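Going by the numbering used here, 142 is the number at position 81 of the sequence shown; the sequence numbering is gapless.
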Amino acid sequence: MPNSLILPMVAHVALAGLLYTLLTVARAPAIWGIGRRADGSNPWAAVEPRISANLSNQFEWPLFFHVACLLLMQLQPSSMAVALAWPFVVGRLLHSAVQILTGNVRLRGVAFTLNFLAVIGLWLCVWIAAAH
62 MPNSLILPMV AHVALAGLLY TLLTVARAPA IWGIGRRADG SNPWAAVEPR ISANLSNQFE
122 WPLFFHVACL LLMQLQPSSM AVALAWPFVV GRLLHSAVQI LTGNVRLRGV AFTLNFLAVI
182 GLWLCVWIAA AH
């Protein structure tokens, strides 16, 4: 069961990898001239800062997710911990989609709350596992 947390961790790393790819594509017209419009402008100029900000977000609160998962892998994660890891990943996907595609701050806050609560739950699992 310790390895049951690896898949959600890999899913989050894959999301970060996808965001790096999107950011590279979004910056290509400005940096390499690839994909510029006829007038020389970058068709991704409006979305590039949102992709960049979201990528930065993947190294803030998610750090606590990965640390909790690593600790739980050493302490034998409960089925509750595994059940909390997946809503975290879904919440990160929603957070990314909302931030990049819509800029809707309220909806992004709801997605973040899902992430936040899942990680708090994981840390409660760490605390319970460590106490036993």
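Beta carbons are placed, not taken as given, at the ideal position from N, Cα and C, and that holds for glycine. Quantities reported herein were computed from a predicted structural model and do not represent experimental measurements.
Asked	Found
Residue from 106, 164, 151, 80 whose Cα sits closest to the Cα of residue 90	106
Euclidean distance between Cα positions of residue 193 and residue 150	27 Å
Residue of 184, 111, 135 minimising C-alpha distance to residue 126	184
Alpha-carbon to alpha-carbon, residue 92 and residue 152	32 Å
Straight-line Cα distance separating residue 74 from residue 161	18 Å
Span separating the alpha-carbon of residue 190 from that of residue 181	14 Å
DSSP state of residue 98 mapped onto helix, strand, coil	coil
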